[in-house]
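J.: Structure below; questions to follow.
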Amino acid sequence: MKKILFSLLAVATLIGCCKNDDNGSDSANLLVKKITTKDEDGNLEGVITLTYEGGRPVSFSEANYENGVQTGTTVITNISYEGNFVKRIKVENARRDNYVQNFTYENGKVATKTEKYESDYRTYTYQYSYIGNQLKSVLRSHPTTIYVNGNVQSGTYYREKQFTYSGNTVIVVTTQYEKDLNGAVVTNTSYSYGTDTTTYTLSDGNVMKVVESDPNSINEYTYDTKRNPLHYKIHFVEPDPTSFLDPDSGKNNILTYKNTHEHNGTKDETLSTFEYTYNADGYPTVVKQYKVENGTREFQGTKEYEY
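The numbering of the sequence shown is my numbering, which starts it at 1071 and goes up by one.
Here it is as structure tokens:
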């Protein structure tokens, strides 16, 4: 992961990972209007420009660059609301990656999301269930072709995530399976699906540690005490109930990220560090990223926020 935080797709957290903040005032919650990323040589890599109405993002544009020259077209994302709820997200000018998402809600929480890409005949459906205010499960499904004993038939693929909570730990168990047209689970397909477990350790609105069973890896994070601009938004209901497990959308800004990966008895470690310049309100304006290897820091690039 060369540039954690530096992906242009991170702007999706502005509409998918935003949190209500009962401790902050409207004046303290600044709106990000522009995000600019540059590589280690200062060449432009990407620009995101956001448009707001009533404190809510209604659209944003994404332009990617290589050696300072724009590649492809500027991608436009439009966001539609019903009251304080995001109802529809539409991405255009992304060619094969054009898509539309639609949301439904129950009791103030996301109940379903559908996702349809122009390049894919399938519609992807997400169903969310809760116990009180805690997310219990996410069920993702889409049509598929099943191969059983050499025969081809239509069916449905499922990926189910179950969430278990214990103190500051969240355990997510992911199971994949297929069903035939009668709704019966098919076990003798040509594909074999396993079960993966990911354990998250949380502290004060931040993800501190992520342990994955497949691949066998550990991600560890430290944070500053300043406000993450992709966290504090108060004018709409977040459409991604899993965002509390995303380190990029935590309460504070990541200072260090360490990944430990073990494969065939060999352990590899990578470390990234981040340095911030803040404005008078305590929000970052410039982020510098470094890769640390063999005791040496290598500059990776910058991200700049405008409010």
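Just so you know, even glycine gets a beta-carbon here, dropped at the ideal spot from N, CA and C.
Near N1286, what residues of its chain come up, given a Cβ to Cβ distance below 6 Å and the 5 sequence neighbours on each side ignored?
T.: Against the sequence shown, residue 1286 aligns to sequence position 216. Counting only Cβ-Cβ distances below 6 Å, and skipping sequence neighbours, we find E1332.
J.: Output the boundary residues of the beta strand (DSSP E) element that contains P1127.
T.: By 1-based counting over the sequence shown, the position of residue 1127 is 57. Note, P1127: beta strand (DSSP E), R1126 to E1136.
J.: Can you tell me the Cα-Cα spacing of D1111 and S1131, whole angstroms?
T.: For the purposes of this step, residue 1111 is taken as residue 41 along the sequence shown, with counting starting at 1. For the purposes of this step, residue 1131 is taken as residue 61 along the sequence shown, with counting starting at 1. Taking the straight line from one Cα to the other gives about 24 Å.
J.: E1380 to K1328, Cα distance in whole Å?
T.: An answer regarding residue 1380 cannot be provided, because it is not within the stretch 1071 to 1377 covered by the chain.
J.: Once DSSP output is grouped into helix, strand and coil, what is the label at P1311?
T.: By 1-based counting over the sequence shown, the position of residue 1311 is 241. In this structure, P1311 counts as coil in the three-state DSSP scheme.
J.: If you draw a straight line from the alpha carbon of H1440 to that of R1297, how long is it in whole angstroms?
T.: Since the first residue shown for the chain is 1071 and the last is 1377, residue 1440 is missing from the structure and cannot be characterised.
J.: Using CA atoms only, rank isn't needed, just tell me which of K1157, N1177, K1103 and D1109 is closest to E1368.
T.: Position 298 of the sequence shown, counted from the start, is the residue given in the question as residue 1368. For the residues K1157, N1177, K1103 and D1109, the minimum Cα distance to E1368 belongs to D1109.
J.: Should K1337 be labelled buried (16 or more other beta-carbon atoms within 10 Å of its own) or exposed?
T.: Residue numbering aside, residue 1337 sits at position 267 when the sequence shown is read from its first letter. With fewer than 16 Cβ atoms within 10 Å of its Cβ, K1337 is classed as exposed.
J.: For D1096, which three-state DSSP category applies?
T.: Translated into positions along the sequence shown, residue 1096 becomes position 26. Its pLDDT being 42, under 50, D1096 is placed unreliably in this model, and the coordinates cannot settle the point.
J.: Could you tell me whether any Cβ in chain C is nearer than 8 Å to the Cβ of Q1204?
T.: Any reference to chain C falls outside this structure, which holds one protein chain only.
J.: So is L1300 buried or exposed if we call it buried at 16+ other beta carbons inside 10 Å?
T.: To locate residue 1300, count along the sequence shown from 1; it is residue 230. So L1300 ends up on the buried side.
J.: List the DSSP bridge partners of R1210.
T.: By one-based count along the sequence shown, residue 1210 stands at place 140. R1210 pairs with Y1196 and R1229.
J.: Along the beta strand (DSSP E) that carries D1266, what are the first and last residues, could you check?
T.: One-based indexing of the sequence shown puts residue 1266 at position 196. That run of the beta strand (DSSP E) goes T1265 to S1273.
J.: Taking C-beta to C-beta, are G1275 and G1335 nearer than 8 Å?
T.: The residue you call residue 1275 lines up with position 205 of the sequence shown. The residue you call residue 1335 lines up with position 265 of the sequence shown. Contact: no.
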